[in-house]
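Engineer: Sending over a structure as structure tokens; questions will come in a sec.
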Amino acid sequence: MLRSAVSQFLPRSSRVLPRALPSSSTARFLSTYEVEHPDPNPNPDKPPQPPYPVGVVAALEAAKDPSFRARPTIFRREFSLHDRVALVSGANRGLGLEMAMALLEAGARAVYCLDLPKQPGDEWNAVKDYIEKMDFGEGKKGGRLEYVSADVTDQKGLWAVGDMIGDKEKRFDIGIAAAGILKNHTNCLEYPSEQFKQVMDINTNGVLYTAQAAGRQMHRFNTPGSIILIASMSGSITNRDHAWVSYNTSKSAVLQMTRSMACELGPKGIRVNSLSPGHIYTSMTAAYLDTQPGLLRKWASMNPLGRIGRPDELRGVVTWLASDASTFCTGSDIIVSGGHHSW
1396 MLRSAVSQFL
1406 PRSSRVLPRA
1416 LPSSSTARFL
1426 STYEVEHPDP
1436 NPNPDKPPQP
1446 PYPVGVVAAL
1456 EAAKDPSFRA
1466 RPTIFRREFS
1476 LHDRVALVSG
1486 ANRGLGLEMA
1496 MALLEAGARA
1506 VYCLDLPKQP
1516 GDEWNAVKDY
1526 IEKMDFGEGK
1536 KGGRLEYVSA
1546 DVTDQKGLWA
1556 VGDMIGDKEK
1566 RFDIGIAAAG
1576 ILKNHTNCLE
1586 YPSEQFKQVM
1596 DINTNGVLYT
1606 AQAAGRQMHR
1616 FNTPGSIILI
1626 ASMSGSITNR
1636 DHAWVSYNTS
1646 KSAVLQMTRS
1656 MACELGPKGI
1666 RVNSLSPGHI
1676 YTSMTAAYLD
1686 TQPGLLRKWA
1696 SMNPLGRIGR
1706 PDELRGVVTW
1716 LASDASTFCT
1726 GSDIIVSGGH
1736 HSW
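Residue 1732 in my numbering is what sits at position 337 of the sequence shown, and the numbering runs on without skipping anything.
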């Protein structure tokens, strides 16, 4: 009965499997089977199956086998990031730090936060202390929040950071490129070349170098990893009454970078998606809004929900993109804008 049941769920290619296997005799059999029976030629007519029964398939298996234990998998398996290793750029504060924290809450072993300051700030230290005190139940402790001072415009430097993480952790599963900058209003006909280059160097080149640092390690360990490039709704639309030609251009480039990398890395089992937030109230946007009376109310009125977003409202979509719950999603841009783009 075990062999016939397992045969329905054997993967056609081990490269696209979720990392965490169930702690059962079935899981042990699957792990042994994969080693002894490698399948270099996946059947293109059938999708690879997860290494454990899930969804309706699980219900059908239970109907055939009275001893089958019915347990929910959606959060224990699909959304779980148990034991995974991640890199997040721009994670000393703001959206990057919020995303790093979400990965740890979902079970990641270690999340490496890259940012320019030599030492992390108070916000980062508070999150680190909070995660260390967090109760995960059943005596489990949270993963590690690590800080690395790095310049995302230094390609070789980021590659070296990736090598360091890979050497230490012996795996690499998630890469999030969240570092970015926004300059004040500047007339597009007078835009200074050096300022334009700086924005493009951080918001576009830095995203590529961060993705490379993660992807090179995923390829090194043959990991079916997830790379998430933080773009913006400003890459798909032009923000009304805002002269942001450099920012908009840089984020639009990230969208095309996502599609291009997804197509190249798909055969390696590495997924690449972009996330495009709308107006989110962060320390960076707050500094700008505080100098523009009435702008917050104006931004809030420009989407169907009538408000701007919070950083924590990106936690769910980031966890989904990073996890096995989104294994058929690549080359996509996920817009979280309160409907701003829909008018």
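C-beta: ideal position from N, C-alpha, C; glycine also.
Looking only at DSSP bridge pairs, what is N1520 linked to?
Structural biologist: Residue 1520 sits at position 125 when you count from the first residue of the sequence shown. DSSP lists no partner for N1520.
Engineer: Going by beta carbon distance, what residues of the same chain come within less than 6 angstroms of W1554, once the five residues before and after it are set aside?
Structural biologist: Working through the sequence shown from its first residue, we reach residue 1554 at position 159. Closer than 6 angstroms at the Cβ level, and outside the excluded window around W1554, lie A1608.
Engineer: With H, G and I counted as helix, E and B as strand and the rest as coil, what does DSSP make of G1704?
Structural biologist: Along the sequence shown, one-based indexing puts residue 1704 at 309. Reduced to three states, the DSSP call for G1704 is strand.
Engineer: Within this structure, are the beta carbons of I1571 and Y1507 separated by less than 7 angstroms?
Structural biologist: For this step, residue 1571 is matched to residue 176 along the sequence shown. For this step, residue 1507 is matched to residue 112 along the sequence shown. No, they are not a contact pair.
Engineer: Assess contact between the region 1721-1728 and the region 1657-1671, defined as three or more Cβ pairs (one per stretch) separated by less than 8 angstroms. Is contact present?
Structural biologist: yes
Engineer: Between T1680 and I1576, what straight-line distance do the alpha-carbon atoms span, to the nearest angstrom?
Structural biologist: In the sequence shown, the residue the question calls residue 1680 occupies position 285. In the sequence shown, the residue the question calls residue 1576 occupies position 181. Using only the alpha carbons, I get a separation of about 10 angstroms.
Engineer: For S1718 versus L1476, is the C-beta distance shorter than 7 angstroms?
Structural biologist: Start at 1 with the first residue of the sequence shown, and residue 1718 comes out as number 323. Start at 1 with the first residue of the sequence shown, and residue 1476 comes out as number 81. Result yes, Cβ atoms of S1718 and L1476 sit closer than 7 angstroms.
Engineer: In terms of residues, what are the limits of the beta strand (DSSP E) holding R1539?
Structural biologist: Within the sequence shown, residue 1539 is the residue found at index 144, counting from 1. Per DSSP, R1539 belongs to the beta strand (DSSP E) from 1539-1544.
Engineer: Would a check of beta-carbon distances place I1576 closer than 7 angstroms to chain B?
Structural biologist: Here chain B cannot be found, since the structure has a single protein chain.
Engineer: By how many angstroms is the C-alpha of A1626 removed from the C-alpha of H1637?
Structural biologist: Position 242 of the sequence shown holds residue 1637. Position 231 of the sequence shown holds residue 1626. About 17 angstroms.
Engineer: G1704 and I1675: beta carbons closer than 7 angstroms?
Structural biologist: Position 309 of the sequence shown, counting from 1, holds the residue named residue 1704. Position 280 of the sequence shown, counting from 1, holds the residue named residue 1675. The answer is yes: Cβ separation under 7 angstroms.
Engineer: With a 10 Å radius around its C-beta and 16 neighbouring C-beta atoms as the bar for buried, classify H1580 as buried or exposed.
Structural biologist: Numbered from its first residue, the sequence shown carries residue 1580 at position 185. Result: exposed.
Engineer: Can you tell me whether G1570 is helix, strand or coil according to DSSP?
Structural biologist: Working through the sequence shown from its first residue, we reach residue 1570 at position 175. Correct three-state label for G1570: strand.
Engineer: Less than 7 angstroms separating the beta-carbons of L1509 and A1481?
Structural biologist: As a working mapping, residue 1509 is identified with position 114 in the sequence shown. As a working mapping, residue 1481 is identified with position 86 in the sequence shown. The Cβ atoms of L1509 and A1481 lie no closer than 7 angstroms to each other.
Engineer: Apart from the five residues on each side of it in sequence, which residues of its chain come closer than 8 angstroms, Cβ to Cβ, to L1650?
Structural biologist: Residue mapping note: residue 1650 aligns to position 255 of the sequence shown, counting from 1. Excluding positions up to five away in sequence, the list reads A1626, G1630, S1631, S1669, S1671, D1728.
Engineer: Evaluate L1624 with the Cβ neighbour count: other Cβ atoms within 10 Å of its Cβ, from every protein chain shown; 16 or more gives buried, anything less gives exposed.
Structural biologist: Residue 1624 sits at position 229 when you count from the first residue of the sequence shown. Buried, by the Cβ-count rule.
Engineer: For R1479, count neighbouring Cβ atoms within 10 angstroms of its own Cβ and tell me buried if that reaches 16, exposed if not.
Structural biologist: Taking the sequence shown and counting its residues from 1, the one referred to as residue 1479 is at position 84. Under this definition R1479 is a buried residue.
Engineer: Can you list, in chain order, the residues of its chain whose CB lies under 6 angstroms from that of L1397, leaving out five sequence neighbours each side?
Structural biologist: As a working note, residue 1397 is residue 2 in the sequence shown. Residue placement at L1397 is poorly supported in this model, since its pLDDT is 41, which falls under 50; the coordinates are not used for a value here.
Engineer: Taking the DSSP output, what are the residues bridged to R1479?
Structural biologist: The residue labelled residue 1479 in the question sits at position 84 within the sequence shown. None, per the DSSP bridge assignment.
Engineer: Spell out the partners DSSP gives S1671 in its beta bridges.
Structural biologist: For the purposes of this step, residue 1671 is identified with residue 276 of the sequence shown, where counting begins at 1. I1730.
Engineer: Decide if the region 1639-1658 is in contact with the region 1589-1598; the criterion is three or more beta carbon pairs, one per stretch, under 8 angstroms apart.
Structural biologist: yes
Engineer: Looking at the strands, I want to know which residues DSSP matches up with C1508.
Structural biologist: Position 113 of the sequence shown holds residue 1508. Within the DSSP secondary-structure output, C1508 pairs in a beta bridge with V1483, Y1542.
Engineer: Shortest alpha-carbon distance to S1499 belongs to which of G1489, P1587, R1539, R1488?
Structural biologist: Within the sequence shown, numbered from 1, the residue matching residue 1499 stands at position 104. A quick correction: the sequence has Leu, not Ser, at residue 1499. The option with the nearest alpha carbon to L1499 is R1539.
Engineer: Scan the region 1552-1635 and note each continuous alpha helix (DSSP H) run of 4 residues or more that stays entirely inside, going in chain order.
Structural biologist: Taking 4 residues as the minimum length, the alpha helix (DSSP H) runs contained wholly in the region 1552-1635 are 1588-1595, 1601-1615, in order along the chain.
Engineer: What is the DSSP secondary structure of R1666, counted as helix, strand or coil?
Structural biologist: In the sequence shown, residue 1666 corresponds to position 271, counting from 1. R1666 falls in the strand class under three-state DSSP.
Engineer: Take the Cβ of G1450 as the centre, count every other Cβ of all protein chains shown within 10 Å, and call the residue buried at 16 or more, exposed below.
Structural biologist: On the sequence shown, position 55 is the one that residue 1450 refers to. With fewer than 16 Cβ atoms within 10 Å of its Cβ, G1450 is classed as exposed.
Engineer: Quick check: what's the CA-CA separation for Q1514 versus T1468?
Structural biologist: As a working mapping, residue 1514 is identified with position 119 in the sequence shown. As a working mapping, residue 1468 is identified with position 73 in the sequence shown. Distance between the alpha carbons of Q1514 and T1468: 39 angstroms.
Engineer: Taking the alpha helix (DSSP H) that C1658 falls in, what are its first and last residues?
Structural biologist: For this step, residue 1658 is matched to residue 263 along the sequence shown. Unbroken alpha helix (DSSP H) run through C1658: 1640-1660.
Engineer: So, at 8 angstroms on beta carbons, what are the nonlocal neighbours of V1522 in its own chain, with the 5 sequence-adjacent residues on each side left out?
Structural biologist: Locating residue 1522 in the sequence shown gives position 127, where the first residue counts as 1. For V1522, where only same-chain residues beyond five positions count, the Cβ hits under 8 angstroms are L1492, A1495, M1496, L1540.
Engineer: One question on the structure: do A1720 and F1567 come within less than 7 angstroms of each other, judged by their Cβ atoms?
Structural biologist: The sequence position of residue 1720 within the sequence shown is 325, counting from 1. The sequence position of residue 1567 within the sequence shown is 172, counting from 1. A distance of 7 angstroms or more separates the beta carbons of A1720 and F1567.
Engineer: Using 7 angstroms as the threshold, is the C-beta distance between I1730 and V1667 below it?
Structural biologist: Indexing the sequence shown from 1 puts residue 1730 at position 335. Indexing the sequence shown from 1 puts residue 1667 at position 272. No. Outside cutoff.
Engineer: P1706 to K1459, Cα distance in whole Å?
Structural biologist: Walking along the sequence shown from the start, residue 1706 turns up at place 311. Walking along the sequence shown from the start, residue 1459 turns up at place 64. Approximately 45 angstroms, taken between the alpha carbons.
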